[in-house]
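Enquirer: Have a look at this one before I ask anything.
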Amino acid sequence: MAKKLKLSGMKKKNKAVIQEETGKIKVIVLKEEQVPDDQEKEVVERPKDYKFRFEPTKKYFTISVYAFCVIALAIIFKYALENIPSFTVGLKNFSIVIQPFIVAFFIAFIINPIVKALSERFYGNTLKIKKTKVCLALGIATAYIIIIALLVICFTYIIPQVTKSISELIQNSDDLYKQAEIWLIEFGEKFPMLDTEYIQDKIEASLPQLISFGTDFVKNVVPKILNVSISIAKIAFNILLSIAISIYMIYDKRMLSKNAARVIYAFVPKKKADSFLEVTRECGSIFTGFIVGKTIDSTIIGIICFILMSILKLPYAILISVIVGVTNMIPYFGPFIGAVPGVLLYLFISPIQALVFALMILALQQFDGWILGPKILGDSTGLTPLWVIFGITVGGAYGGVFGMFLGVPIVAVIAYLADILITGHLKKRNIEIR
284 MAKKLKLSGM
294 KKKNKAVIQE
304 ETGKIKVIVL
314 KEEQVPDDQE
324 KEVVERPKDY
334 KFRFEPTKKY
344 FTISVYAFCV
354 IALAIIFKYA
364 LENIPSFTVG
374 LKNFSIVIQP
384 FIVAFFIAFI
394 INPIVKALSE
404 RFYGNTLKIK
414 KTKVCLALGI
424 ATAYIIIIAL
434 LVICFTYIIP
444 QVTKSISELI
454 QNSDDLYKQA
464 EIWLIEFGEK
474 FPMLDTEYIQ
484 DKIEASLPQL
494 ISFGTDFVKN
504 VVPKILNVSI
514 SIAKIAFNIL
524 LSIAISIYMI
534 YDKRMLSKNA
544 ARVIYAFVPK
554 KKADSFLEVT
564 RECGSIFTGF
574 IVGKTIDSTI
584 IGIICFILMS
594 ILKLPYAILI
604 SVIVGVTNMI
614 PYFGPFIGAV
624 PGVLLYLFIS
634 PIQALVFALM
644 ILALQQFDGW
654 ILGPKILGDS
664 TGLTPLWVIF
674 GITVGGAYGG
684 VFGMFLGVPI
694 VAVIAYLADI
704 LITGHLKKRN
714 IEIR
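Residues in the sequence shown are numbered from 284 upward in steps of one, following the numbering used here.
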């Protein structure tokens with residue numbers, strides 16, 4: 284039974300109450316006009332000779348608040364322009380202070396779907412735990428334990444193996460170069476119409492620089508990073524602080540959502556507030572659906588790649604599998620980008636191994652594109668291939684590899700917002716385009 288809504292000290296002209304759901308936060312709209320007993324409006328009849336004088340009203344108060352805000356913002360903007368260096372330093376210091384909260388927000392944003400699935404489906408539906416807070420706490424603990432276990436596995440097994448493979452490549456660079464030179468000479472003899480000397484000259488010019496860069500990185504950069512204990516301590520502290528804050532954010536998610544809804548409904552008309560919250564939820568669903576789904580998809584592809592390379596006895600299996608898994612986060616082009624380093628490496632070792640690896644990656648890409656990807660991701664972005672390529676291109680131009688990954692969900696969110704805006708304007712004009 285629904286609980287009765289108690290309104291102490293208020294006259295109820297109508298007991299009907301409209302209840303609406305905004306996620307899990309209840310937004311209750313009182314349909315009837317209710318006036319407190321001690322604040323009833325009195326009708327005062329003014330005499331005929333009454334002269335107008337200023338009386339403070341809600342309208343004048345609202346205008347005053349708006350005027351004060353505009354003046355205050357103008358003063359802050361003027362001060363910022365006149366003191367750009369100090370203002371920049373202040374913003375930088377403030378960003379450093381709130382950086383753990385920003386990182387925590389992104390961690391909570393990504394982990395929240397996992398926590399929700401564990402708390403509701405596993406602990407709630409499967410294990411039949413009735414207390415919601417207990418399910419949520421168990422879901423948070425399980426999710427973070429799984430993630431920490433995966434990180435421990437990466438740092439204790441995968442990263443050392445990758446580092447070892449890179450070191451072996453650097454040590455065997457001379458042998459690889461000689462094999463590549465022999466292979467190019469033989470290839471040029473078989474196909475004299477191709478200018479293999481140009482390729483050989485380019486390799487001779489770039490290889491010393493590449494070897495020097497790799498050697499300097501291993502010998503100089505890594506020890507310096509390990510020796511700077513203060514920086515590492517600060518980073519570790521910020522990471523632990525961000526993780527702790529993200530746990531509280533997820534646990535208090537309902538309270539944060541409720542307070543955000545209260546602020547929005549307090550200052551925004553109800554229809555606009557409803558639309559704003561609905562659009563925000565949909566944008567968040569698009570973003571998290573793509574990131575979480577693509578992360579799971581790429582992890583599975585990396586593991587399958589490692590298993591296949593181990594079966595085919597291809598060298599540097601862990602290093603190449605990590606590259607393939609990471610680059611697979613980029614839609615369409617990711618598998619091919621990840622295949623390029625492996626194909627080039629195996630060409631220097633054995634052309635047959637390069638061909639086997641290329642065929643394996645092609646089969647793996649087809650499996651991901653037609654079977655695994657659609658099952659995990661579905662149509663999470665709702666974008667056509669043209670817009671996906673546009674997002675990858677623009678994101679890569681401005682943000683590198685990370686931009687290529689985030690470009691797709693960002694374009695998906697922008698496309699969703701643009702569709703809502705255009706559809707609303709067309710409805711106002713009574714126009715339908717088919």
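Each residue gets a CB set at the ideal place from its N, CA and C atoms; glycine is no exception.
1. Is Ser-402 near Leu-433, with beta carbons less than 8 Å apart?
2. From Ala-400, Phe-619, Ile-431 and Lys-361, pick the residue whose C-alpha is nearest to that of Val-607; which is it?
3. What do you get for Gly-572, buried or exposed, if any count of 16 or more other CB atoms within 10 angstroms of its CB means buried?
4. Let me know the alpha helix (DSSP H) ranges lying completely inside the segment 412 to 454, each 4 residues or longer, listed in chain order.
5. What whole-angstrom Cβ distance do Tyr-599 and Leu-630 have, given they're in contact under 8 Å?
6. Phe-384 to Phe-616, Cα distance in whole Å?
7. Any chance you could list the alpha helix (DSSP H) runs of at least 4 consecutive residues sitting entirely within the segment 557 to 600, in chain order?
8. Output the residue ranges of the alpha helix (DSSP H) runs that lie fully inside the segment 651 to 675 and measure 4 residues or longer, sorted by chain position.
9. Would you kindly work out how many angstroms separate the C-alpha atoms of Val-318 and Ile-574, rounded to a whole number?
10. Given Ala-426, which residues of its chain have a CB within under 7 Å of its CB, disregarding the five upstream and five downstream residues?
11. Run the CB neighbour count on Met-643, radius 10 Å, all protein chains shown included, and call it buried at 16 or more, exposed below.
12. Taking the alpha carbon of Lys-555 as the point to measure from, which residue in Leu-704, Phe-351, Lys-361 and Val-386 has its own alpha carbon closest?
13. Where do the N-terminal and C-terminal ends of the alpha helix (DSSP H) with Phe-550 fall, by residue?
14. Exposed or buried, what is Pro-692 when buried is set at 16 or more other beta-carbons lying within 10 Å of its beta-carbon?
15. For Gln-444 and Phe-550, I'd like the C-alpha separation in whole angstroms.
16. Which residues mark the beginning and the end of the alpha helix (DSSP H) in which Ala-622 is found?
17. Quick one: Cα of Ala-527 to Cα of Ala-519, how far?
18. Quick check on Val-623: buried or exposed, where buried means 16 or more other Cβ atoms within 10 Å of its Cβ?
19. Can you tell which of Ser-593, Phe-559, Lys-658 and Thr-563 has its C-alpha closest to the C-alpha of Asp-580?
20. How big is the Cα-Cα spacing for Thr-667 and Lys-414?
21. Are the beta-carbon atoms belonging to Leu-647 and Cys-588 less than 8 Å from one another?
22. Could you tell me which of Ile-379, Tyr-406 and Met-592 sits nearest to Val-605, measuring between CA atoms?
23. Throw me the rounded Cβ distance for the Asn-611 and Ile-584 pair, which I believe falls under 8 Å.
24. For Met-687, is the classification buried or exposed, using 16 other Cβ atoms within 10 angstroms of its Cβ as the cut-off for buried?
25. Check whether the Cβ atoms of Ile-675 and Gly-652 sit closer than 8 Å, and answer yes or no.
26. Given that a residue counts as buried once 16 or more other Cβ atoms are within 10 Å of its Cβ, and exposed if not, what is Lys-447?
27. Counting only beta-carbon atoms, is Ile-603 nearer than 8 Å to chain B?
28. Buried or exposed: where does Ile-601 fall if 16 or more other Cβ atoms within 10 Å of its Cβ makes it buried?
Expert: Quick answer:
1. no
2. Phe-619
3. buried
4. Within the segment 412 to 454, the complete alpha helix (DSSP H) segments of 4 residues or longer fall at 415 to 436 and 442 to 454, listed in chain order.
5. In fact, because the Cβ distance is near 13 Å, the residues do not count as touching under 8 Å.
6. 33 Å
7. none
8. 656 to 659
9. Because Val-318 carries a pLDDT of 47, less than 50, the predicted location of this residue cannot be relied on, and no value is offered for it.
10. Ile-394, Ile-397, Val-398 and Leu-401
11. buried
12. Leu-704
13. 536 to 550
14. buried
15. 56 Å
16. Unbroken alpha helix (DSSP H) run through Ala-622: 617 to 632.
17. 12 Å
18. exposed
19. Lys-658
20. Cα to Cα, Thr-667 sits roughly 43 Å from Lys-414.
21. yes
22. Met-592
23. 5 Å
24. buried
25. no
26. exposed
27. Checking the listed chains, one finds no chain B in this structure; it contains a single protein chain.
28. buried
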